[in-house]
Amino acid sequence: IAHCFTQGLAASTARTHISALSFIFQLGGHQDLTQHFIIKKQLQGYSKTKPSQDARLPITPTILSKIILSLPHVTNSSFIKCLLHAMYVLAFSAFLRVGEITKTGKLNQHFLLVKHINITASPNQENSIDLTIPHCKHSIRPISLQISRNLENPLLCPVRALQDFMQIRKHASQDEALFSFMDGNPVSRQFFTQNLNNSLTFCGLDTKRYQSHSFRIGAATAAADLGASDIQIQNMGRWKSTAFKKYIRVPVLTL
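Just so we're aligned: 5 in the UniProt record's numbering is position 5 of the sequence shown, and the numbers increase by one with no gaps anywhere.
Written as structure tokens, this is what we have:
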């Protein structure tokens with residue numbers, strides 16, 4: 001904590017490091033020293049001395065619907081509309097980070113490939129998506145998720161949106177980027193962010209407060225609003241510590 005303070009890091013960053021230590025203590029079966037009274041008071045004092053606030057707001061289901069409905073007004077391409085629709089809905093439904101659906105500037109890329117997706121169907125069940133995250137921020141091991149169909153709101157159904165996109169895209173190889181253009185090039189983070197900003201602007205939303213990470217924040221907030229437990233939210237978002245709690249927000253802006 002003292003090291004973080006002398007380095008001028010935000011209080012939230014110090015808490016993230018402490019949460020990581022908490023995970024290590026628990027994993028090894030040791031006493032979790034981060035829960036000590038003195039440690040908690042140090043972190044409280046840190047927050048008061050270096051107050052910081054994440055200004056990003058959650059993309060709620062209502063806002064997500066409006067963003068999707070804005071697509072015909074921000075692009076003339078039916079393919080791009082279908083592509084972005086699938087990306088937005090899957091990002092929200094699976095708590096995805098932008099680096100998991102787009103090509104970023106990092107040397108090692110871990111975006112989803114076609115082989116990481118399997119849309120299953122059975123006579124007695126609705127279609128669902130079996131999704132494998134090849135690499136997570138806190139784990140090098142693949143993580144499997146099952147994303148269910150949204151029966152209440154077809155516009156926000158990840159299964160339908162992904163099926164529509166894959167039917168148009170017709171990937172030639174299982175090793176192609178899932179979210180890619182017709183020439184096979186993966187969608188870049190810049191392209192995704194720019195088009196998201198266009199939709200947000202059309203909807204009259206602040207692009208400084210709603211960003212690509214707002215899908216993940218919104219997913220955690222929506223899950224909490226529906227009564228999901230802490231452990232359920234932690235598992236759905238693939239968090240290894242209690243850091244997920246800072247993602248649960250009460251929306252302060254409504255449409």
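In this text, a Cβ means the ideal position worked out from N, Cα and C, and glycines have one as well.
{"Query": "Beta-carbon proximity of Leu200 to Ile67, cut-off 9 Å", "Result": "yes"}
{"Query": "Presumed contact (8 Å Cβ cut-off) between Pro186 and Phe111, rounded CB distance", "Result": "6 Å"}
{"Query": "The segment 213 to 224 touching the segment 79 to 98, judged by at least three CB pairs closer than 8 Å", "Result": "yes"}
{"Query": "Three or more C-beta pairs below 8 Å linking the segment 18 to 35 and the segment 227 to 244", "Result": "yes"}
{"Query": "Residues that Asp230 bridges to, as DSSP identifies them", "Result": "The partner list for Asp230 (beta bridge, DSSP) is empty, contrary to what the question assumes."}
{"Query": "Selected residue, minimal CA-CA separation from Glu100, among Ser212, Gln146, Lys246", "Result": "Ser212"}
{"Query": "Three-pair Cβ contact test at 8 Å for the segment 113 to 120 versus the segment 170 to 182", "Result": "yes"}
{"Query": "N-terminal and C-terminal residue of the beta strand (DSSP E) that Gln146 is part of", "Result": "143 to 148"}
{"Query": "Assigned secondary structure, Pro186 (DSSP; H/G/I helix, E/B strand, else coil)", "Result": "strand"}
{"Query": "Three CB pairs or more closer than 8 Å across the segment 146 to 165 and the segment 43 to 51", "Result": "no"}
{"Query": "Start and end residues, alpha helix (DSSP H) containing Asp164", "Result": "158 to 169"}
{"Query": "Contacts around His85, its chain only, beta-carbon distance under 8 Å, and the 5 residues preceding and following it disregarded", "Result": "Ile68, Leu71, Ala161, Asp164, Phe165"}
{"Query": "Check whether Ser19 and Thr34 have beta carbons under 9 Å apart", "Result": "yes"}
{"Query": "Option in Lys208, Ile119, Phe181, Ile231 with minimal Cα separation from Ser78", "Result": "Phe181"}
{"Query": "Continuous beta strand (DSSP E) assignments of at least 3 residues falling wholly in the segment 65 to 93", "Result": "none"}
{"Query": "Alpha-carbon spacing of Tyr210 relative to Cys82, whole angstroms", "Result": "21 Å"}
{"Query": "DSSP-derived helix/strand/coil call for Leu112", "Result": "coil"}
{"Query": "Chain-order list of residues whose beta-carbon lies under 6 Å from that of Asn118 (same chain, five-residue window excluded)", "Result": "Asp130"}
{"Query": "Straight-line Cα distance separating Ile233 from Thr104", "Result": "26 Å"}
{"Query": "Euclidean distance between Cα positions of Val98 and Asn198", "Result": "17 Å"}
{"Query": "CA-to-CA distance, His36 to Ser65, given in whole angstroms", "Result": "44 Å"}
{"Query": "Asp225 - DSSP class collapsed to helix/strand/coil", "Result": "helix"}
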